[in-house]
Amino acid sequence: MASLIDNARKLQEEFTAEAGKVRETPRSSLIEELRVSWLGRKGALNKLYEDLKSVDKAERPEAGKAINQLRQSIEKEVNELKELAVGFEIKEKLSRTPVDISLPLKGELSQGSLHPVTLMRSLLLKAFRRLGFTVYDGPEVDQDFYNFSALNIPEHHPARDMQDTFFLKDKNFLLRTHTSNIQIHAMLQEKPPVRLVAPGRVYRVDNDATHTPMFHQIECVVVDRGISFSHLKGIIDSFLKSVFGNDLQTRFRPSFFPFVEPGAEVDLQCTICRGKGCRVCSHTGWLEIGGSGMIHPNVFESVQYDSEDYTGFAFGFGIDRMAMLAYGLPDLRQMFTGDYRYLSQFPIYR
418 MASLIDNARK LQEEFTAEAG KVRETPRSSL IEELRVSWLG RKGALNKLYE DLKSVDKAER
478 PEAGKAINQL RQSIEKEVNE LKELAVGFEI KEKLSRTPVD ISLPLKGELS QGSLHPVTLM
538 RSLLLKAFRR LGFTVYDGPE VDQDFYNFSA LNIPEHHPAR DMQDTFFLKD KNFLLRTHTS
598 NIQIHAMLQE KPPVRLVAPG RVYRVDNDAT HTPMFHQIEC VVVDRGISFS HLKGIIDSFL
658 KSVFGNDLQT RFRPSFFPFV EPGAEVDLQC TICRGKGCRV CSHTGWLEIG GSGMIHPNVF
718 ESVQYDSEDY TGFAFGFGID RMAMLAYGLP DLRQMFTGDY RYLSQFPIYR
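Residue 627 in the working numbering sits at position 210 of the sequence shown; the count goes up by one each step and never skips.
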């Protein structure tokens with residue numbers, strides 16, 4: 418046992434010497450190397466614990482106490498060094514010679530490129546402006562009323578479970594789950610007829626090859642006298658063809674959305690496999706790109722529109738999903754890694 422306690426004391430002296438050298442230039446990388454070499458799985462301290470197993474049971478408590486004291490001493494010193502490193506590294510950065518950004522660049526200047534979501538957003542807004550739509554914007558952090566209640570999704574409605582919402586501490590506020598909140602803000606301010614398109618970021622608890630926790634939607638709303646489902650299909654067909662061309666098919670499937678009646682999912686033939694079936698489309702040949710339908714009378718009541726006099730339609734598509742289809746991207750998450758090599762392949766403007 419005596420030799421084990423002696424080893425602990427000797428190691429304490431060795432650690433103090435090493436820590437003293439690191440303290441002279443306490444960089445984070447050096448501190449991490451020190452921590453791993455002493456507290457890591459293959460570190461010096463772990464070897465002492467292995468030796469403790471062979472110590473007589475009667476003497477083991479005292480030997481264990483010595484090793485634990487050594488561990489506590491090392492952990493305390495490492496934490497102190499980490500605190501020192503923060504100030505040291507800031508001073509080190511501030512002492513460097515500043516870069517003169519007014520100097521001319523050396524070598525060939527390479528042009529940047531726009532993000533695929535930016536490219537797709539621009540393309541969609543051009544298509545909608547040609548059709549006479551006005552672009553609206555709205556808050557990303559919004560009240561429950563605009564995101565749910567006014568859209569015929571009252572409290573405890575099962576459709577709220579479909580949204581996977583990020584709520585703030587005050588449950589009356591949330592990160593919007595769709596850009597449909599913008600149509601409520603707009604219709605409360607505008608009298609019909611209304612023809613609006615609303616692009617923006619939305620948030621849901623979701624993450625896989627075709628979904629991300631933050632993504633981009635574009636919402637389209639038309640309200641006037643005599644609006645029918647055929648107008649909805651005509652608008653969708655027109656702008657999808659302007660983006661993907663005339664060769665890909667679309668289809669409508671009956672579906673439920675609380676804020677429209679009737680409602681339908683809109684599918685586009687997979688642009689990657691051209692309908693043959695692949696991993697991205699789950700081997701169905703189709704990809705869901707959004708929901709649509711005729712605006713529910715309860716939504717009109719929330720914004721004081723006369724549902725006996727006016728009808729309207731709304732649809733929302735994922736801009737990220739459409740960019741993924743247009744550029745043949747296999748994984749949606751690639752667009753948000755910030756990898757220059759990946760992003761530089763896209764055109765400067767489209």
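Ideal Cβ placement from N, Cα and C applies to all residues, glycine included.
Asked, Found
"CB-CB under 6 angstroms to Ala436, same chain, minus the five flanking residues each way: which ones, in chain order?", "Glu494"
"Taking a contact to mean a Cβ-Cβ separation below 7 angstroms, would you say Ala567 touches Ile601 in this structure?", "yes"
"My assumption, with CB atoms under 8 angstroms, is that Glu705 sits in contact with Glu682. Please give the rounded CB distance.", "6 angstroms"
"Is Glu430 helix, strand or coil when you go by DSSP?", "helix"
"Tell me the DSSP secondary structure of Lys672 in three-state form.", "The displayed chain sequence assigns Ser, not Lys, to residue 672. Strand, per DSSP."
"Which residue wins for smallest C-alpha separation from Phe661, given the options Met739, Gly733, Lys608 and Asp723?", "Met739"
"Tell me whether Arg767 is buried or exposed, calling it buried when 16 or more other Cβ atoms sit within 10 Å of its Cβ.", "Note that Arg767 has pLDDT 47, beneath the 50 cutoff, so the model's placement of it is unreliable and the number below is only indicative. It is exposed - the Cβ of Arg767 has fewer than 16 other Cβ atoms within 10 Å."
"Note down the Cα distance separating Met752 from Val639, rounded to an integer number of angstroms.", "31 angstroms"
"According to DSSP, is Tyr620 part of a helix, a strand, or is it coil?", "strand"
"Under a Cβ-count criterion, where at least 16 other Cβ atoms within 10 Å of its own Cβ denotes burial, should His573 be classed as buried or exposed?", "exposed"
"Might you give, ordered along the chain, the residues of its own chain that have their beta carbon closer than 6 angstroms to the beta carbon of Leu465, omitting 5 neighbours on each side?", "Ile484"
"Helix, strand or coil, according to DSSP, for Met418 in the structure here?", "Low local confidence applies: a pLDDT of 49 at Met418 is under 50, so the model's placement there is unreliable, with the coordinate-based value given in what follows. Met418: coil per DSSP, three-state reduction."
"So, using beta-carbon positions, are Gly733 and Gly707 closer together than 7 angstroms?", "yes"
"Let me make sure I understand the geometry here. Which of Val453, Gly460, Glu607 and Glu441 has the alpha-carbon closest to that of Gly504?", "Glu441"
"The beta strand (DSSP E) that contains Glu636, what's its start and end?", "Met631 to Asp641"
"On the DSSP bridge list, what partners appear for Gln686?", "Trp703"
"Below 7 angstroms between beta carbons: does that hold for Gly618 and Glu557?", "Strictly speaking, residue 618 in this sequence is Arg, with Gly absent from that position. Yes; because the gap between Cβ atoms is below 7 angstroms, this pair is in contact."
"With distances taken between CB atoms, is the gap from Phe763 to Ser539 smaller than 7 angstroms?", "no"
"Just confirm the distance between the C-beta atoms of Ile644 and Phe730, as a whole number of angstroms; I'd bet it's less than 8 angstroms.", "6 angstroms"
"Indicate the three-state DSSP secondary structure (helix, strand or coil) for Gly755 in the structure shown.", "coil"
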